[in-house]
Each structure stands twice: as structure tokens, then as C-alpha cells.
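Q: Sending over a structure as C-alpha cells; questions will come in a sec.
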């Protein structure tokens with residue numbers, strides 16, 4: 017968690033437009049963001065290699081008590097140029113997975129920063145070691 021906070025502060029310091037410190041991430045946010053880091057690029061149909069994903073904070077983007085709707089920005093490189101594709105992801109924080117797909121929000125996106133909300137890095141969860149016991153399932 018400290019590493020994530022440090023990364024967010026560093027990104028703000030490097031000049032992300034509209035960047036303000038997001039609220040503290042909940043365990044549900046962290047799980048949802050790890051899933052969105054995989055789901056958003058899968059539906060993006062980008063032609064280049066995906067670099068990273070950033071999303072709005074799910075718990076700060078609730079539609080009702082259970083459901084969220086966030087914008088996830090899939091960053092990629094095509095022909096040596098940085099590009100991104102915006103995806104809308106709708107899900108339920110209490111479900112696993114939180115969502116199984118995202119869809120394109122805008123086809124003509126080429127701006128370098130979120131201007132309307134602060135972004136939170138979405139990083140895939142590390143796979144469990146072989147033979148590891150999942151204590152969260154008990």
C-alpha cells in the first residue's frame with residue numbers, strides 16, 4: 017500500500033493534469049483494480065503493446081450501494097507513439113469477478129491525462145505461489 021501511495025504521489029509530481037490525491041483505497045478497490053487491469057485491456061482491441069492501465073477509484077464511483085462505473089485508460093504504444101484507449105467498466109464490488117468485460121468509451125482519444133478525475137494505477141495481482149493456501153476463502 018505504501019508503494020502504491022508513493023507511486024501516486026510521484027505521478028502527481030510529474031505533472032498529471034487534474035491529479036489530486038484520491039481517497040484511500042479499500043480492499044475492494046484494490047481487488048477491483050487488479051481485475052480491471054486485466055479486463056480493460058482485453059476488451060480494448062488495441063493494436064499495440066499495452067503499457068499500463070489507470071482507472072477511476074471504484075468505491076468513489078458508485079452507481080448505487082453495490083455497483084460502480086469507472087473509466088479505465090489503457091495506455092499502449094503504436095508505431096513508436098504513446099496512445100491510450102478509454103474503456104468504461106461497470107461492475108459490482110461484492111462479486112468475484114467484479115466484471116467480466118469493459119467497453120470502449122471513446123474511439124478518438126489521444127490526450128495524455130485524465131482531466132476530469134484523478135486516476136489510480138490498476139496493476140494485476142501477482143499469481144499465488146504453487147501450493148499456496150488461500151486463507152481469504154475460509
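Residue numbers (the working numbering): 17 to 154.
Don't be surprised by glycine CBs; every beta carbon is placed ideally from N, CA and C.
What you are looking at is a predicted structure, and each value in this text was computed from that prediction instead of being measured.
Can you list, in chain order, the residues of its chain whose CB lies under 6 Å from that of residue 141, leaving out five sequence neighbours each side?
A: Numbered from its first residue, the chain shown carries residue 141 at position 125. 50, listed in sequence order.
Q: Pull up the distance between the alpha-carbon of residue 89 and that of residue 41, whole angstroms please.
A: Within the chain shown, residue 89 is the residue found at index 73, counting from 1. Within the chain shown, residue 41 is the residue found at index 25, counting from 1. Roughly 18 Å separates the two Cα atoms.
Q: Just confirm the distance between the C-beta atoms of residue 105 and residue 54, as a whole number of angstroms; I'd bet it's less than 8 Å.
A: Taking the first residue of the chain shown as position 1, residue 105 is located at position 89. Taking the first residue of the chain shown as position 1, residue 54 is located at position 38. That belief does not hold up - the Cβ atoms of residue 105 and residue 54 are roughly 11 Å apart, past 8 Å.
Q: Rounded to whole angstroms, what's the CA-CA distance from residue 64 to residue 82? Just pull it up for me.
A: One-based indexing of the chain shown puts residue 64 at position 48. One-based indexing of the chain shown puts residue 82 at position 66. C-alpha separation (whole angstroms): 34 Å.
Q: Would you say residue 135 and residue 72 are within 8 Å of each other, going by their C-beta atoms?
A: Position 119 of the chain shown, counting from 1, holds the residue named residue 135. Position 56 of the chain shown, counting from 1, holds the residue named residue 72. Cβ distance < 8 Å, so residue 135 and residue 72 count as in contact.
Q: Using only the alpha-carbon positions, how far apart do residue 113 and residue 107 sit?
A: Against the chain shown, residue 113 aligns to sequence position 97. Against the chain shown, residue 107 aligns to sequence position 91. Approximately 8 Å between the Cα atoms of the pair.
Q: Got a sec, what are the start and stop residues for the beta strand (DSSP E) residue 59 sits in?
A: Reading the chain shown from its first residue, position 43 is the one you call residue 59. No beta strand (DSSP E) holds residue 59; the alpha helix (DSSP H) holding it covers 43-60.
Q: Give the secondary structure of residue 138 by DSSP, where H, G and I count as helix, E and B as strand, and everything else as coil.
A: What you label residue 138 is simply residue 122 of the chain shown in a count that begins at 1. Note: residue 138 maps to strand in three-state DSSP.
Q: Could you check which residue in 60, 70, 75 has the C-alpha nearest to that of residue 110?
A: Reading the chain shown from its first residue, position 94 is the one you call residue 110. Comparing Cα-Cα distances from residue 110 to each of 60, 70, 75, the minimum goes to 75.
Q: Can you look up residue 77 in the DSSP assignment and give me helix, strand or coil?
A: Taking the first residue of the chain shown as position 1, residue 77 is located at position 61. DSSP places residue 77 in coil when its eight states are reduced to three.
Q: Please list the terminal residues of the continuous beta strand (DSSP E) segment that includes residue 93.
A: Residue mapping note: residue 93 aligns to position 77 of the chain shown, counting from 1. Taken as a continuous stretch (DSSP letters only), the beta strand (DSSP E) holding residue 93 covers 83-94.
Q: Inspect the beta-carbon positions of residue 117 and residue 91 and report whether they are closer than 8 Å.
A: By one-based count along the chain shown, residue 117 stands at place 101. By one-based count along the chain shown, residue 91 stands at place 75. Contact: no.
Q: In this structure, how does DSSP classify residue 63 when only helix, strand and coil are distinguished?
A: Counting from one through the chain shown, the residue named residue 63 turns up at place 47. In this structure, residue 63 counts as coil in the three-state DSSP scheme.
Q: For residue 98, is the classification buried or exposed, using 16 other Cβ atoms within 10 angstroms of its Cβ as the cut-off for buried?
A: For this step, residue 98 is matched to residue 82 along the chain shown. Counting Cβ neighbours within 10 Å, residue 98 comes out exposed, since fewer than 16 surround it.
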